[in-house]
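At position 128 of the sequence shown (counting the first as 1) the number is 128 in full-length UniProt numbering, and the numbers step up by one without a gap. Glycine is no exception: its CB is placed at the ideal position from the N, C-alpha and C atoms. What follows is a set of notes on a single structure, which appears directly below.
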Amino acid sequence: MSRKLPYYMAYPLPFVYDDDKMERRDMEYMKSMYPNIPKKILPYVEEECDRSEYENSMIYDEYPDKLQLRMMCSRIYENVLKNEKLFYGTEYAEMLSAERRKEPMEQDLAMPSLGVGENWLRDMIEVMLYQELYRRRCDHRRCQRRFY
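This is how it looks when you write it as structure tokens:
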């Protein structure tokens with residue numbers, strides 16, 4: 001005689017393991033849609049995060065130190081400037097001049113144009129770093145909760 005199990009015992013956690021796969025797939029898809037410049041910067045950001053990803057690292061502190069995060073951004077910024085020709089060659093100057101040519105047409109819009117500042121690359125690196133750290137902190141917390 002076979003005993004029938006209640007539903008919650010027969011299927012304890014439906015689809016719980018697919019969530020991680022779906023989130024990773026979504027994240028990779030979103031990263032693939034990045035514009036060209038952030039796509040070139042992303043490996044440098046991931047490399048710096050990999051270097052800082054160890055147990056009891058400051059990136060997993062409840063409130064990470066702002067100075068340390070700025071230093072991480074500075075290292076990434078220096079690596080990008082040193083290794084990417086785009087940011088010190090003629091391509092970059094052409095890209096900036098093309099954006100400046102577009103500005104007069106955009107000034108007709110209701111919103112004022114902010115223009116390209118001097119530290120736009122550093123700001124973009126900082127935002128990308130914080131986003132990557134947030135993702136890694138979430139993954140770390142998720143892994144800490146598993147008891148199997």
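Rounded to a whole number of angstroms, what is the C-alpha to C-alpha distance between residue i and residue j?
i      : j      : result
Tyr29  : Lys40  : 16 Å
Lys21  : Arg135 : 14 Å
Leu121 : Asp50  : 21 Å
Glu47  : Leu5   : 49 Å
Arg25  : Lys31  : 10 Å
Met72  : Met124 : 13 Å
Asp65  : Leu129 : 14 Å
Arg141 : Ser52  : 16 Å
Asn119 : Met58  : 26 Å
Leu42  : Tyr63  : 24 Å
Val45  : Asn36  : 15 Å
Met33  : Arg3   : 52 Å
Ser74  : Gln68  : 10 Å
Asn79  : Lys85  : 11 Å
Which word fits residue i, buried or exposed, when buried means at least 16 other C-beta atoms lie within 10 angstroms of its C-beta?
i      : result
Cys143 : exposed
Cys138 : exposed
Val127 : exposed
Leu133 : buried
Tyr54  : exposed
Give the secondary structure of residue i by DSSP, where H, G and I count as helix, E and B as strand, and everything else as coil.
i      : result
Met111 : Confidence at Met111 is low in this model, with a pLDDT of 45, below 50, so its placement is unreliable and no value can be given for it.
Pro35  : coil
Leu42  : helix
Lys85  : helix
Asn56  : coil
Arg3   : coil
Tyr134 : helix
Asn119 : coil
Asp61  : coil
To which residues of the same chain is residue i closer than 8 Å at the C-beta, ignoring the five residues directly before and after it?
i     : result
Pro38 : Met124 and Met128
Tyr77 : Leu121, Arg122 and Ile125
Looking only at its chain, what residues have a beta carbon closer than 7 Å to the beta carbon of residue i, apart from the 5 residues adjacent to it on each side?
i     : result
Tyr60 : Arg137 and His140
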